[in-house]
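First the structure, in the form of structure tokens, and then the observations on it.
Numbering (my numbering), first residue to last: 2 to 480.
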């Protein structure tokens, strides 16, 4: 739930100076886009195969998914099948028929036999083209590769929604998706890049427009740039934690060559490297200790974040030839200004950065067990009790985080921006399994009082001197 009256997609980064005093940041609303998955309910692409699940190997007479390892080409297409085996994938695993029904066009190159199951039924077919009737109320759409010619294997499969066969190559994004996020100041591609726990190291590892699916490695850079150009939105990219310098350099080159020169580029090293739940945090801690930055892995990770970020910033500056279009981001933990100070000060990283980024969630994490509030406590609450707690306790806590981090940003001469934010009502440590509490949280998000909380939240961000605020996240089903 967004309050565009408080934050908006205005292009200016600062307000005009007037008699009231010096220039102040104009808060702008950005958006984290939901990651690629076959259960993605946002449906950003008219070709639903782009979000298909990676091929699943099947063998007749064996349990589901227990076929032999598939022989795939560099783009992920099946080159050959062993006797008695086939490969299949799923698309649109979305409950309640919440994707378009109708006549889909399935296009492909090569020789082989494709079958449909689940929501799809073949209406007609010929070489390289199948017309399918899809009834979304029947659940997911299954596509099975029954045979393929190793000399001319089936590849470049496209499954086009009704009405887009003539235009999908020129206009790959669904018009409803483009309309929904028109006016966003910035698009953060953390999830589109599959940043968390990424295994990408080299430029050759990256996803490309020729990739069989964007699930796994992420959406290609070419498509992210195209989207920002169409939307006239600044781009926020997260460099994979394992990426070498050549990857960073080639990435920056493509952005410089293709992104509209009027748009800015936010550059961040990975995502939440301070957060021990992610592989990038553990890896950075090990690297930091190897380099002698600290003896404790978490402190080493903070310092390695500063160290590697500055290296990455330098590569981008070299490629772009200046810093004018770049926003160099040092990210930290919203609840802990101490971490922010350690990152900013290490090797004078702040001198090479433009912004300190945090995620000041309106946070209510409820554990299964706890001495104070736990799942049993919240399950007994009314909606009024929950909303009173969020407004009286969780919101003030988020605002205090903003203020504390603004002091750090000011100390180091950096802008304060939000890489993520919004409500964060969630069960943890087993609490996520409470159906009663989850239903109560769903009610809270539908309640008009949540709009009031967001208005106060964004107002506090604006009044406290916050700049860009990237909401997390765009569209997904209830969880």
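By construction, the Cβ of each residue, glycine as well, lies at the ideal position given by its N, Cα and C atoms.
Original post:
How about residue 71: is its Cβ closer than 8 Å to a heavy atom in the ligand ADP?
Top reply: Absence of the ligand ADP from the depicted structure is noted, as is the absence of any ligand whatsoever, leaving it without description.
Original post:
Thinking just about the alpha-carbon of each residue, which of 338, 86, 434, 54 is nearest to the one in residue 411?
Top reply: Your numbering for residue 411 matches position 410 in the chain shown. Selected option, being the one with the closest Cα: 338.
**OP:** Using three-state DSSP, classify residue 69 as helix, strand or coil.
**Re:** Position 68 of the chain shown, counting from 1, holds the residue named residue 69. Here residue 69 sits in coil by DSSP.
**OP:** Could you please give me the residues that DSSP links to residue 235 through a beta bridge?
**Re:** By 1-based counting over the chain shown, the position of residue 235 is 234. DSSP, once it has assigned bridges, lists 187 as partnering residue 235.
Original post:
Is there contact between the stretch 252 to 267 and the stretch 229 to 244, where contact requires at least three CB pairs shorter than 8 Å?
Top reply: yes
Subject >> Closest Cα partner of residue 354 within the set 361, 346, 360 >> reply: In the chain shown, counting from the first residue as 1, residue 354 sits at position 353. With distances taken between Cα atoms, residue 354 lies closest to 346.
Subject >> Span of the beta strand (DSSP E), counted from its first residue to its last, around residue 145 >> reply: By 1-based counting over the chain shown, the position of residue 145 is 144. Per DSSP, residue 145 belongs to the beta strand (DSSP E) from 142 to 149.
Original post:
In three-state DSSP terms, what is residue 472?
Top reply: What you label residue 472 is simply residue 471 of the chain shown in a count that begins at 1. Note: residue 472 maps to strand in three-state DSSP.
**OP:** In the DSSP assignment, find the beta strand (DSSP E) that holds residue 90 and state where it starts and stops.
**Re:** Along the chain shown, read from residue 1 onward, the residue named residue 90 stands at position 89. First-last of the beta strand (DSSP E) with residue 90: 86 to 92.
Original post:
Are residue 223 and residue 241 touching if we call contact CB-CB under 9 Å?
Top reply: Numbered from 1 along the chain shown, position 222 holds the residue referred to as residue 223. Numbered from 1 along the chain shown, position 240 holds the residue referred to as residue 241. No. Outside cutoff.
Original post:
Considering only the beta carbon of each residue, do residue 189 and residue 471 sit closer than 9 Å?
Top reply: As a first step, residue 189 is located in the chain shown; it is residue number 188 there, counting from the start. As a first step, residue 471 is located in the chain shown; it is residue number 470 there, counting from the start. Their beta carbons are under 9 Å apart, which means residue 189 touches residue 471 by this criterion.
**OP:** Inspect the beta-carbon positions of residue 268 and residue 311 and report whether they are closer than 9 Å.
**Re:** If you number the chain shown from 1, residue 268 lands on position 267. If you number the chain shown from 1, residue 311 lands on position 310. For residue 268 and residue 311, no; Cβs fall outside 9 Å.
**OP:** Rank 76, 59, 399 by C-alpha distance to the C-alpha of residue 70 and give the top, closest one.
**Re:** On the chain shown, residue 70 is found 69 positions in, with the first residue counted as 1. For residue 70, the nearest C-alpha among the options comes from 59.
**OP:** Look at residue 33 and residue 109 and say whether their C-beta atoms are less than 9 Å apart.
**Re:** Here residue 33 refers to the residue found at position 32 of the chain shown. Here residue 109 refers to the residue found at position 108 of the chain shown. Cβ atoms of residue 33 and residue 109: not closer than 9 Å.
Original post:
For residue 26, is the classification buried or exposed, using 16 other Cβ atoms within 10 angstroms of its Cβ as the cut-off for buried?
Top reply: Your numbering for residue 26 matches position 25 in the chain shown. Buried, because 16 or more other Cβ atoms sit within 10 Å of the Cβ of residue 26.
Original post:
Around the C-beta of residue 67, are 16 or more other C-beta atoms found within 10 angstroms, so that it is buried, or is it exposed?
Top reply: For the purposes of this step, residue 67 is taken as residue 66 along the chain shown, with counting starting at 1. With fewer than 16 other Cβ atoms within 10 Å, it is exposed.
Original post:
Given a threshold of 16 other Cβ atoms within 10 Å of its Cβ, counted over all protein chains shown, does residue 429 qualify as buried or as exposed?
Top reply: Position 428 of the chain shown, counting from 1, holds the residue named residue 429. By the 10 Å Cβ count, residue 429 comes out exposed.
Original post:
For residue 425, which three-state DSSP category applies?
Top reply: Numbered from 1 along the chain shown, position 424 holds the residue referred to as residue 425. Residue 425 falls in the strand class under three-state DSSP.
Original post:
Taking DSSP as the reference, what is the three-state secondary structure of residue 364?
Top reply: Taking the chain shown and counting its residues from 1, one reaches residue 364 at position 363. Three-state DSSP puts residue 364 in a strand.
**OP:** Let me know if residue 195 comes out buried or exposed under the rule of 16 or more other beta-carbons within 10 Å of its beta-carbon.
**Re:** Working through the chain shown from its first residue, we reach residue 195 at position 194. Flag for residue 195 reads buried.
Original post:
Hey, out of 292, 315, 314, whose CA is closest to residue 304's CA?
Top reply: In the chain shown, counting from the first residue as 1, residue 304 sits at position 303. Checked all of 292, 315, 314; the closest Cα to residue 304 is 292.
Subject >> Minimum C-alpha distance to residue 91 - residue among 255, 453, 246, 216 >> reply: Position 90 of the chain shown, counted from the first residue, corresponds to residue 91. The shortest Cα separation from residue 91 among 255, 453, 246, 216 belongs to 216.
Original post:
Roughly how far, in whole angstroms, is the beta-carbon of residue 281 from the beta-carbon of residue 307, given that I think they are within contact range, below 8 Å?
Top reply: Position 280 of the chain shown, counted from the first residue, corresponds to residue 281. Position 306 of the chain shown, counted from the first residue, corresponds to residue 307. Wrong, their Cβ atoms sit about 14 Å apart, outside the cutoff.
**OP:** Please name the residue in 466, 415, 408 whose C-alpha comes closest to that of residue 352.
**Re:** Here residue 352 refers to the residue found at position 351 when the chain shown is read from its first residue. The shortest Cα separation from residue 352 among 466, 415, 408 belongs to 415.
Original post:
For residue 392, which residues of its own chain have a beta-carbon under 6 Å away from its beta-carbon, when the five flanking residues on both sides are left out?
Top reply: On the chain shown, position 391 is the one that residue 392 refers to. Correct list, in chain order: 454.
Subject >> Inter-residue spacing [alpha-carbon to alpha-carbon] between residue 124 and residue 227 >> reply: Position 123 of the chain shown holds residue 124. Position 226 of the chain shown holds residue 227. Going by the C-alpha atoms only, they are around 34 Å apart.
Original post:
So the beta strand (DSSP E) residue 33 belongs to, where does it begin and stop?
Top reply: Working through the chain shown from its first residue, we reach residue 33 at position 32. Run containing residue 33: 30 to 33, per the beta strand (DSSP E) assignment.
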